[in-house]
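J.: Chains as they are written, first to last, in my numbering: chain A, 8 to 272; chain B, 8 to 272. Let me give you the structure first, and then I'll get to my questions.
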């Protein structure tokens, strides 16, 4: 099965949702693919100073402007999208991503492991690591940014059947891109890390986002890696069903060889 | 606390236990350190053709010639050693490693995840991922070679309190040295991968061992990496107690932030 996946790297403007949605539209709006992943908090920017500020740009997962844009694009381009946004749900705010499908379905993941000052503004995610059908019933699992450092995130998604891990990110630490090679390899899954670029400054500190978005195959080999500064979209063609084969050698299987009775987790 | 750790890389001769023990003695016998790790199946070589052949070089963990040598060296040099050997226990043969301490204690780990044709000759390990005191009560966990590809191995050792992961190996796949960076980083532990070099051929196939033994700190930074061909011992000085600090940022902790209720493992 041939499946065209893509990664979109760009520089959101802090709190400028109108610009960010327009910019995403101009980057991916005219591209036909099967699945395109965009960064974490792509609609809003990242480095908040207060919960009040955060609330102003948070939106409903199904009726907000992010959903609105990507539902239109999904129908028009027959493409599934994964994109990060700040989700308002009742009295809670989550650092979430949505999978938006051409048939109008929206699936939501809420970041399980919050990073740094996110812990001051966001509620910890409560969805767990579910796997959803994207276009053509390809199995997609979402995790967001810092979830990468916990091997349990990608492992749970893979054991739940993910063929592709969609990984929106706003990375500031230097380790993730390399570690995702291990995540793809140990779980025999494709992964798409869509990182942002640029800087953001809050009242106390400046953050620099590392770019270097990447797409990896089930052996952790780099299919495409972007640079640290480009705003762009890149596509590669994969066969998602290769992720269903967990064999490592003729004697070894990444899942079948697990010996859970000896793990302390 | 200052603690001198070391890695010994060499080329065992297949089935030539006398040579291998002599060679290990000549490499590490006159070095004072706190902990030195040697390769998997260092006494015997690796690529067996039959169970019968394997039995000829298998030995008791506590009374065999490997224990004999390292008990002597441990007392003489006041050094703990981790070394791989083929363990005969009742009617079973395990791909094991022993931790030998200056006080005469021996602790055994039996490889949990067997690789390739090992599955034909060895029994799967039944010890799990226990952590033991090495010299000066430093907490050492053992895993062997292919255990690396299962994140549960290093994770279990770290959650069980390991400060240092001692990792004897006979690596033939190209991925481990890089992946161990992720293992040290995600678990905030030191790791010592002691790999062998050279080739071995059995009736059907030739294996090339990759060398590149390495010692990593708790951020996955390389303290020392050997080349692909050297037979040598290298030492570095660490503070094992740094592994007790699992903080990643002032808001994040590698263990405290785990959300086990959302994992499917």
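The beta-carbon is built from N, C-alpha and C at its ideal position, and this holds for glycine as well.
Determine which residues of the segment 136 to 159 of chain B have a Cβ less than 8 Å from any Cβ of chain A, and write them out in chain order.
T.: 136, 153, 156, 157, 158 and 159
J.: Can you name, in chain order, every residue of its own chain whose Cβ lies under 6 Å from the Cβ of residue 41 of chain B, other than the five neighbours on each side?
T.: Numbered from its first residue, the second chain carries residue 41 of chain B at position 34. Excluding residues within five positions, the ones whose Cβ falls inside 6 Å are 10, 11 and 142.
J.: Give the DSSP bridge partners of residue 197 of chain A, in chain order.
T.: Taking the first chain and counting its residues from 1, one reaches residue 197 of chain A at position 190. BP columns for residue 197 of chain A point to A:171.
J.: Considering only residues of the same chain and omitting the five flanking positions on each side of residue 94 of chain A, which have a CB-CB separation below 6 Å?
T.: On the first chain, residue 94 of chain A is found 87 positions in, with the first residue counted as 1. 68, 101 and 103, listed in sequence order.
J.: Counting Cβ pairs, one atom from each stretch, are 3 or more of them under 8 Å apart for the segment 224 to 239 of chain B and the segment 260 to 267 of chain A?
T.: With a cut-off of 8 Å, the segment 260 to 267 of chain A and the segment 224 to 239 of chain B do not count as touching, because too few Cβ pairs lie within range.
J.: Do residue 256 of chain B and the ligand NAP come close, with the Cβ less than 7 Å from some heavy atom?
T.: Here there are no bound small molecules, and the ligand NAP is not part of this structure.
J.: Does DSSP put residue 92 of chain A in a helix, in a strand, or in coil?
T.: The residue given as residue 92 of chain A occupies position 85 in the first chain. Annotated three-state conformation of residue 92 of chain A is strand, per DSSP.
J.: Work out the CA separation of residue 52 of chain B and residue 214 of chain B for me, nearest whole Å.
T.: For the purposes of this step, residue 214 of chain B is taken as the residue at position 207 of the second chain. For the purposes of this step, residue 52 of chain B is taken as the residue at position 45 of the second chain. So the alpha carbons of these two residues sit roughly 12 Å apart.
J.: Per DSSP, what kind of secondary structure is residue 145 of chain B in: helix, strand or coil?
T.: Here residue 145 of chain B refers to the residue found at position 138 when the second chain is read from its first residue. Reduced to three states, the DSSP call for residue 145 of chain B is coil.
J.: Identify each residue in the segment 94 to 124 of chain B for which the Cβ-Cβ distance to at least one residue of chain A is less than 9 Å, and report them in chain order.
T.: 119, 120, 121, 122, 123 and 124
J.: Between the Cα of residue 48 of chain B and those of B:39, B:33, B:111 and B:116, spot the shortest distance and give me the residue it belongs to.
T.: Indexing the second chain from 1 puts residue 48 of chain B at position 41. The shortest Cα separation from residue 48 of chain B among B:39, B:33, B:111 and B:116 belongs to B:116.
J.: What's the gap between the Cα of residue 198 of chain B and the Cα of residue 192 of chain B?
T.: Here residue 198 of chain B refers to the residue found at position 191 when the second chain is read from its first residue. Here residue 192 of chain B refers to the residue found at position 185 when the second chain is read from its first residue. Taking the straight line from one Cα to the other gives about 10 Å.
J.: Specify the secondary structure class of residue 260 of chain B as computed by DSSP and reduced to three states.
T.: As a working mapping, residue 260 of chain B is identified with position 253 in the second chain. Three-state DSSP puts residue 260 of chain B in a strand.
J.: Taking residue 179 of chain B as the reference, which of B:46, B:31, B:36 and B:119 has the closest Cα?
T.: The sequence position of residue 179 of chain B within the second chain is 172, counting from 1. Nearest option by C-alpha distance: B:46.
J.: Can you say whether residue 184 of chain B is buried or exposed, counting buried as having 16 or more other CB atoms within 10 angstroms of its CB?
T.: The residue labelled residue 184 of chain B in the question sits at position 177 within the second chain. With 16 or more other Cβ atoms within 10 Å, it is buried.
J.: Roughly how many angstroms separate the alpha carbons of residue 272 of chain A and residue 140 of chain B, rounded to a whole number?
T.: What you label residue 272 of chain A is simply residue 265 of the first chain in a count that begins at 1. What you label residue 140 of chain B is simply residue 133 of the second chain in a count that begins at 1. Going from the Cα of residue 272 of chain A to the Cα of residue 140 of chain B covers about 21 Å.
J.: List, in order along the chain, the chain B residues whose C-beta lies closer than 9 Å to that of residue 227 of chain A?
T.: Walking along the first chain from the start, residue 227 of chain A turns up at place 220. By Cβ distance, chain B contributes 182, 185 and 186.
J.: Taking only beta-carbon atoms, is residue 76 of chain B less than 8 Å away from chain A?
T.: For this step, residue 76 of chain B is matched to residue 69 along the second chain. Chain A contact via Cβ: absent.
J.: Using the DSSP secondary-structure output, state which residues sit across from residue 216 of chain B in a beta bridge.
T.: Position 209 of the second chain, counted from the start, is the residue given in the question as residue 216 of chain B. DSSP, once it has assigned bridges, lists B:205 as partnering residue 216 of chain B.
J.: Can you name the residues of chain E whose CB is closer than 9 Å to the CB of residue 261 of chain B?
T.: The structure shown contains no chain E; its protein chains are A and B.
J.: Is it buried or exposed for residue 19 of chain A, if we count other Cβ within 10 angstroms and need 16 for buried?
T.: Translated into the one-based positions of the first chain, residue 19 of chain A becomes position 12. The residue is buried, with at least 16 neighbouring Cβ atoms inside 10 Å.
J.: Contact between the segment 116 to 134 of chain B and the segment 153 to 168 of chain B is defined here as three or more beta-carbon pairs at a separation below 8 Å; is this criterion met?
T.: Yes, since at least three Cβ pairs between the segment 116 to 134 of chain B and the segment 153 to 168 of chain B fall closer than 8 Å, the two stretches touch.
J.: Let's see if you can read the secondary structure: which residues bound the beta strand (DSSP E) around residue 153 of chain B?
T.: As a position in the second chain, residue 153 of chain B is number 146, starting the count at 1. No beta strand (DSSP E) contains residue 153 of chain B, which DSSP labels as neither H nor E.
J.: Can you name the start and end residues of the beta strand (DSSP E) that residue 103 of chain A belongs to?
T.: Along the first chain, read from residue 1 onward, the residue named residue 103 of chain A stands at position 96. Residues 99 to 107.
J.: So, at 7 Å on beta carbons, what are the nonlocal neighbours of residue 169 of chain B in its own chain, with the 5 sequence-adjacent residues on each side left out?
T.: Counting from 1 along the second chain, the entry for residue 169 of chain B is found at position 162. Only 138, 146, 147, 148 and 196 meet the Cβ criterion.
J.: Is there at least one Cβ from chain A nearer than 8 Å to residue 29 of chain B's Cβ?
T.: Taking the first residue of the second chain as position 1, residue 29 of chain B is located at position 22. By this cut-off, residue 29 of chain B is not an interface position.
J.: Residues of chain A with CB closer than 9 Å to the CB of residue 80 of chain B, please, in chain order.
T.: If you number the second chain from 1, residue 80 of chain B lands on position 73. Chain A residues near residue 80 of chain B: none, gap ~30 Å exceeds 9 Å.
J.: Would the beta-carbon of residue 81 of chain A fall within 8 Å of that of residue 109 of chain A?
T.: On the first chain, position 74 is the one that residue 81 of chain A refers to. On the first chain, position 102 is the one that residue 109 of chain A refers to. Yes.
J.: Can you grab the Cα-Cα spacing for the pair residue 135 of chain B / residue 270 of chain A, in whole Å?
T.: Residue numbering aside, residue 135 of chain B sits at position 128 when the second chain is read from its first letter. Residue numbering aside, residue 270 of chain A sits at position 263 when the first chain is read from its first letter. Residue 135 of chain B and residue 270 of chain A: Cα-Cα distance of roughly 7 Å.
J.: If you measure from the beta carbon of residue 219 of chain B to each beta carbon in chain A, is any gap under 8 Å?
T.: Taking the second chain and counting its residues from 1, the one referred to as residue 219 of chain B is at position 212. Chain A, which has no Cβ nearer than 8 Å to the Cβ of residue 219 of chain B, makes this no.
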